[in-house]
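Novice:
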Amino acid sequence: MSDYIVSARRYRPATFQSVVGQRPLITTLKNAIQNSKLAHAYLFCGPRGVGKTTCARIFAKTINCTCLKEDGEACNECDFCQSFNENRSHNIYELDAASNNSVENIRFLTEQMRIPPQIGHYKVYIIDEVHMLSTSAFNAFLKTLEEPPHHAMFILATTEKYKIIPTILSRCQIYDFSRITINDIVEYLEYIAQNENISTEREALNIIAQKADGGMRDALSIFDRVASFSANNITYQSVIENLNVLDYEYYFRLVEAILIGDVSCSLLILNKIIRKGFDLQQVIVGLSDFFRDIMVCKDPQTIVLFEIGDSAIREKYLNLSKQCTSDFLYNALELSNECDLNYRYSKNKRLLVELLLIRLCQLCCQLLTDGKDKKKRVIEPLIAKEKNVSVKQEQVFVSEKKSIIESEIPDLLLKVNKLRFSLKKSTEDIDNERNQVYPQQQLFTDKEKFEFLTKKNPVLIILVETFNLSY
23 MSDYIVSARR YRPATFQSVV GQRPLITTLK NAIQNSKLAH AYLFCGPRGV
73 GKTTCARIFA KTINCTCLKE DGEACNECDF CQSFNENRSH NIYELDAASN
123 NSVENIRFLT EQMRIPPQIG HYKVYIIDEV HMLSTSAFNA FLKTLEEPPH
173 HAMFILATTE KYKIIPTILS RCQIYDFSRI TINDIVEYLE YIAQNENIST
223 EREALNIIAQ KADGGMRDAL SIFDRVASFS ANNITYQSVI ENLNVLDYEY
273 YFRLVEAILI GDVSCSLLIL NKIIRKGFDL QQVIVGLSDF FRDIMVCKDP
323 QTIVLFEIGD SAIREKYLNL SKQCTSDFLY NALELSNECD LNYRYSKNKR
373 LLVELLLIRL CQLCCQLLTD GKDKKKRVIE PLIAKEKNVS VKQEQVFVSE
423 KKSIIESEIP DLLLKVNKLR FSLKKSTEDI DNERNQVYPQ QQLFTDKEKF
473 EFLTKKNPVL IILVETFNLS Y
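Each residue of the sequence shown is one higher than the last, beginning at 23 in my numbering.
#1: Put Val28 into one of helix, strand or coil per three-state DSSP.
#2: From the DSSP secondary-structure annotation, give me the bridge partner or partners of Leu65.
#3: Mark Leu327 as exposed unless 16 or more other C-beta atoms lie within 10 angstroms of its C-beta, in which case mark it buried.
#4: Pull up the distance between the alpha-carbon of Ile316 and that of Glu329, whole angstroms please.
#5: List the residues that DSSP assigns as beta-bridge partners of Ser221.
#6: Let me make sure I understand the geometry here. Which of Glu223, Ser333, Ser124 and Gly43 has the alpha-carbon closest to that of Phe160?
#7: Kindly indicate which three-state DSSP category Asp321 falls into: helix, strand or coil?
#8: Across the stretch 255 to 274 and the stretch 307 to 326, are there enough close Cβ pairs to call them in contact, namely three or more that are closer than 8 Å?
#9: Hey, out of Glu116, Glu92 and Asn364, whose CA is closest to Ile306's CA?
#10: State the DSSP-derived secondary structure class of Asp206, mapped to helix, strand or coil.
#11: Between which two residues does the beta strand (DSSP E) holding Lys369 run?
#12: Considering only residues of the same chain and omitting the five flanking positions on each side of Arg34, which have a CB-CB separation below 8 Å?
#13: Would you mind reading off the limits of the alpha helix (DSSP H) that contains Lys294?
#14: When you compare only the Cα positions, how much space is there between Cys89 and Tyr210?
#15: Which of the three DSSP states is assigned to Tyr115 in this structure?
#16: Work out the CA separation of Leu377 and Val438 for me, nearest whole Å.
#17: Per DSSP, what are the beta-bridge partners of Val146 in this structure?
#18: As a quick exercise: from Val152, Ile202, Lys298 and Cys194, pick the residue whose alpha carbon is nearest that of Glu169.
#19: Sorted by chain position, which residues of the same chain lie with C-beta nearer than 7 Å to Cys100's C-beta, five sequence neighbours on each side aside?
#20: Is Gly73 closer than 8 Å to Asp206 when the C-beta atoms are compared?
#21: Using a 10 Å radius around the Cβ and a threshold of 16 neighbouring Cβ atoms, would you call Tyr5 buried or exposed?
#22: Can you tell which of Phe350, Ala253 and Gln232 has its C-alpha closest to the C-alpha of Asn219?
#23: Is Phe102 near Gly142, with beta carbons less than 8 Å apart?
#24: Closer than 7 Å by C-beta to Cys386: which residues in its own chain qualify, once you throw out the five before and the five after it? Chain order, please.
#25: Grab me the residues of Ser368's own chain with a C-beta within less than 6 Å of its C-beta, minus the 5 sequence neighbours each way, in chain order.
#26: By Cβ distance below 6 Å, which residues in the same chain neighbour Leu178 in space, the five residues on each side in sequence not counted?
#27: Among the candidates Ser221, Tyr115, Arg381 and Ser121, whose CA atom is the shortest distance from the CA of Leu355?
#28: Give the C-beta separation of Ala241 and Ala234 to the nearest angstrom, bearing in mind that I take them to be a contact with Cβ-Cβ under 8 Å.
#29: Take Val28 and list the residues in its own chain whose beta-carbon comes closer than 8 Å to its own, dropping the five residues that flank it on each side.
#30: Do you know offhand how far Phe130's Cα is from Leu191's?
#31: Near Ala174, which residues of its chain fall below 6 Å by C-beta distance, leaving aside the five closest residues on each side in sequence?
#32: If you run the structure through DSSP and keep just helix, strand and coil, what is Thr500?
#33: With a 10 Å radius around its C-beta and 16 neighbouring C-beta atoms as the bar for buried, classify Ser425 as buried or exposed.
#34: Measuring CB to CB, does Ala36 end up less than 8 Å from Ile80?
#35: Between which residues of its own chain and Ile262 is the CB-CB distance below 8 Å, once the five residues before and five after are set aside?
#36: Just to confirm my understanding: we take Ala215, look at its own chain, exclude 5 residues before and 5 after, and list those with CB closer than 6 Å. What are they?
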């Protein structure tokens, strides 16, 4: 029989110091132990594989250690520490709430609490996946959890805190475990590879860390799988082949083709990806993540959100982000997300993804065209902004591209019916005529508009047909 133990169990942390990625939380627990300020109930919640059950065991071991070290760690030499390390301690009970979720199981637990510990200070009850308890079991547990014996302590662990009833939450100190960062996972995998004499590439470990999605247990499971596949020589190529991960280069080439509006090249790259056996939804999600990474690389303040640690790949992302405008990235993310939402309902999934690439190419061409052309400007009449004004008006636009000389202005004005205007009058005369307005015949102007007109800028002529002023 083989003595092989998977890395997730062999390298399971046995001390607070060896826990990865939860430094603030560990500091809080150690300070509580050193200051003798321990609660009777704790709730450890967070994603899978981040160390909730491991920290619960270490915490239970440390509070019962009779020769605690100065740094708050267990001594591993006293009777209790030795019994715990040999899995023969009677002070720590672990209950799987997924299979023991009835009222009878809670009542049995309550009866066990009456017996004080024989070695150590506390009897610790670790209830894993506590959200799986039934409603009646939760209600039967309320009184015991609120006022347990002085020698009893509960540590509840869950991945779905929102399923726990509020009366349970209010009786516990809640500790939220965070996802482990990619850099922390990569460093820990390098430490294990060195101990196991496994050769690795930093870029390959980075892919494993991304695939683990913040869970150390998932990362170690993938690490063992790839190590077996590659005969203890973990390379970037072996990782993407074993995990069915699409290479970065395809995304770089695809986005470069989109930026120049090359629809044909984009469709050919997509065809290559499909022939390699990749799922189209995986392509959509990967492309969305790629656009997101480019977007966070554009701003020095958000570059900390870019989690890829390999320096060569980071440099390629930074160079590509300089070629993409923010408007393009925002619209590309929106189109990619829309395609992802419609994927499950589409009967022709390949056509849906091809349409996404076509729209992205058209979007890039449109943004380039809009950047070259000047937009038409429209001057809103001041009279339309007054309170309780109902104005019916017609607008005559003159394109910015056509320059108007001063001599052409009278001819232009004469083309407008029911319009009286004189360039010989000053702006003061025009302002004075405001009080002598005749409906359907008089043009409303002011000094600012008149001066704007004489500066040979685009002309906006407002012909007032009816008006109604009520104050």
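Positions of the beta carbon are idealized from the N, C-alpha and C atoms, including for glycine.
Specialist: Taking the structure as given:
#1: coil
#2: Leu178 and Ile196
#3: exposed
#4: 12 Å
#5: Asn255
#6: Ser124
#7: coil
#8: yes
#9: Asn364
#10: helix
#11: Taken as a continuous stretch (DSSP letters only), Lys369 belongs to no beta strand (DSSP E), as it is neither H nor E.
#12: Thr76
#13: Val285 to Arg297
#14: 29 Å
#15: strand
#16: Low per-residue confidence applies at Val438: pLDDT is 45, beneath 50, and the placement is therefore not dependable enough to give any value.
#17: Ile114 and Met175
#18: Cys194
#19: Cys87, Thr88 and Cys89
#20: no
#21: This structure cannot speak to residue 5, because the chain is shown only from 23 to 493.
#22: Ala253
#23: yes
#24: Ile280, Leu281, Gly283 and Phe350
#25: Leu374
#26: Leu65, Ile149 and Val152
#27: Arg381
#28: 4 Å
#29: Leu242, Ser243 and Asp246
#30: 22 Å
#31: Met135 and Lys145
#32: A question about residue 500 goes unanswered here, because the residues of the chain that appear run from 23 up to 493.
#33: Caution is warranted here: a pLDDT of 47 is assigned to Ser425, below 50, making its placement in the model unreliable, and the coordinate value is therefore given only provisionally. Ser425 is exposed by the Cβ-count criterion.
#34: yes
#35: Ile229, Leu268 and Asp269
#36: Thr222
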